[in-house]
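See below for the structure under consideration.
In the numbering used here, the protein residues as written are 2 to 366.
Shown next, in the form of structure tokens:
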């Protein structure tokens, strides 16, 4: 029996924007004015607008090659032809930075980009940060008056990312002495597809850097990045103020919490449940598939984060010292949250230990 299907593909704005940069049609988001990794300034509540380009962007030789590569990679992923994808990516080595929001991932990604000679402010947030590709753990959502098929969209966006990263880093950076191009990427959403990504890429094609921070300072930082701690300390479920608060809301909805229950929650309680879900999922996502030597757990802290950067700099013969990690001591201002935060860390450590995994010691920094 033969079954014919039709797949509809529309290049995403993120893919198109990075492609425009490769074609030297620079958008505002790569002119150096937008610092997605700034440690103190709130950009999440007012993200940079996606660029708009006309159809002529797809008429250049580079664009035609990119679209052709994309279709081949996407169909290979749908068909399970992982050898084709691996051959296409031969020579590219990813450095995936994975972690709960506000756990040092943006800092580490920025410093890895600087390690390979790139000004992170001129690397689009789409290519470097964790909004793209959209790897969801559900297949469907409502878009207008009909269901929207996230699985197909995610496959195409994953292919877009692999193709555009391959083209970008080969053109924008130099070959490592050991014969590969390093492609840093903050990949918060990889926990949804970790096992699949590792099987697709194969062993030895990526480093997986998992940043982990105590939930109390993470919650404080999320609130500050989203516009400040709400006066009533309730989670703003009815109107999330940033991408991260929307992620927290989605996590709680997936746990079966009703919207009105979430709106009545203490801010820290909401983030704590989301934080716990993320780290439980990290342990069981397939991230540890294969050799565990590819996984590096990086507990939040100046020594650990700057130490990772220093090691990469040494490997890439880059003598530039890493930028200092800014550590705040604001957790002490919320003593009523500390006991619950410590209990959550202990619970996750026990969960990981039961699976044969070591969860790191965490401070209140």
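Each residue gets a CB set at the ideal place from its N, CA and C atoms; glycine is no exception. All values reported here derive from a predicted model rather than from experimental measurement.
Counted within 10 angstroms of its Cβ, other Cβ atoms place residue 254 as buried (16 or more) or exposed: exposed
Residue environment, residue 13, which counts as buried when at least 16 other CB atoms sit within 10 Å: buried
Alpha carbon of residue 89 to alpha carbon of residue 258, nearest angstrom: 43 Å
Straight-line Cα distance separating residue 9 from residue 53: 21 Å
Supposed close pair residue 353, residue 359 - CB separation, criterion 8 Å: 7 Å
Reduced DSSP secondary structure (H/G/I, E/B, other) of residue 172: helix
Residue 446 burial status per 10 Å Cβ neighbour count (16 or more: buried): This structure leaves residue 446 out entirely; the chain is present only between 2 and 366.
Element boundaries [alpha helix (DSSP H), containing residue 328]: Unbroken run through residue 328: none, as it is neither H nor E.
Buried versus exposed, by CB contacts within 10 Å (16 or more), residue 32: exposed
Meets three-Cβ-pair contact criterion under 8 Å: the region 140 to 156 and the region 55 to 70: no
Rounded C-alpha distance that separates residue 103 from residue 38: 11 Å
Extent of the continuous alpha helix (DSSP H) run through residue 68: 62 to 80
Environment of residue 283 [buried if 16+ CB atoms lie within 10 Å]: buried
8 Å Cβ cutoff, residue 141 in contact with chain C: Chain labels in this structure do not include chain C; a single protein chain is all it has.
Exposure label - residue 131; buried when at least 16 CB within 10 Å: buried
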